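Using the working numbering, the letters of the sequence shown map in sequence onto residues -1 to 117.
The next block holds one structure in the form of structure tokens; read it before the comments.
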Amino acid sequence: MPHCIIEYSQELNETLTVKALMSAVFLAATESTLFSPSDIKIRAMAFNDFYAQTPNGVHNNPQRFIHVCCKILSGRTGKQRQQLSQLVLEHLNRFAIQSVSISVEIVDIERDSYNKCVS
């Protein structure tokens, strides 16, 4: 735990690598000190098709995006969740990508219903 899922617009591959995105999120999760590095799982999905209107309303030039969802076991404080979210955002902002919307959400996984099997 956590499971960090990065969704991003495919076009960003022209600017940076998916490995760089995943490394940034991994470093942020590690810096939070909430998790052991061996427990952090990162995966990424590029999207060719999406719709997000730009601030100026132009539809033929959609806003590029990066959205990270960190799914963590319940029990962390609001302050810890906010710290994790802020660290992920700070690490992604270091890429200084122009014309991109970056968002981060932290989602609790209910401990009582979470199961895992590693073989």
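Where is the CB? At the ideal position from N, CA and C, for every residue including glycine.
Only a predicted model underlies this, so the values are computations on that prediction, with no experimental measurement involved.
Item, Value
"Ordered list of beta strand (DSSP E) runs contained in the region 29 to 100, each at least 3 residues", "39 to 45 and 62 to 71"
"DSSP-derived helix/strand/coil call for residue 103", "strand"
"Residue 9 (DSSP reduced to helix, strand or coil)", "helix"
"Minimum C-alpha distance to residue 42 - residue among 35, 63 and 30", "63"
"Option in 15, 18 and 23 with minimal Cα separation from residue 3", "23"
"Residue nearest to residue 40 in terms of C-alpha spacing, selected from 31, 46 and 69", "69"
"Residue 86 burial status per 10 Å Cβ neighbour count (16 or more: buried)", "buried"
"Burial state of residue 49, where buried means 16 or more other Cβ atoms lie within 10 Å", "exposed"
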